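The next block holds one structure in the form of structure tokens; read it before the comments.
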Amino acid sequence: MASTTGLAYTGYYVNQVLPSPAVQTVSQPAYSQETLQEVARVVMAESMGEPIEGMRGVAQVIYERHILWDKGVNEILNSPGQFAEPYGGTVTEECQNVVNEVFLQGVKEFDSNVTHFYNPEKCDPYWADTKTVVGTRGGHRFLY
């Protein structure tokens, strides 16, 4: 339809069938049950006795290192001196659920990224002053 102003009309008309919007899907990386269980064992080792928020924070650190640093989950877990040895006992259902929420559903404890954590009552890492504190959960301080 021509416009009286000389400009072309680019909108829609009454009763016009609108095109279907493009559906965007965000591909979530696939994780094996073994990988998720290994993450849960490390989360248990690092945060046993902590509230669920502390567990979620530790899982978020592992997940975000994996994503932000473009490394495999096992590569992150097995980097020397980064995490405690995986817990050898039975992983609690609560801990496994937290890991599944972080890795499969994108649940985060912190709105901003976190890539490091430590317990200030147990250690004073040399790198802590070079990072930004994002928050504290339980006995852990989380940083980016």
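Residues -17 to 126 in this note's numbering are what the sequence shown lists, from first letter to last. Beta carbons: idealized from backbone N, C-alpha and C, even for Gly. Computed from a predicted model, the values in this text were never measured in an experiment.
When rounded, the separation of the alpha-carbon atoms in L59 and D111 is 23 Å. Note on geometry: alpha-carbon atoms of E83 and P33 lie some 16 Å from one another. The alpha-carbon separation between Y126 and L50 amounts to approximately 11 Å. Under DSSP, the beta-bridge partners assigned to F124 are F99, G117. If one requires a minimum length of 4 residues, the alpha helix (DSSP H) runs lying completely within the stretch 45 to 82 are 55 to 59, in chain order. Separation of T114 and S94 (C-alpha to C-alpha, rounded to the nearest whole angstrom) is 11 Å. For S14, the three-state secondary structure derived from DSSP is coil. Spanning the alpha carbons of C105 and G120 requires a straight line of approximately 15 Å.
Rounded to the nearest angstrom, the gap between the Cα atoms of F124 and E16 is 26 Å.
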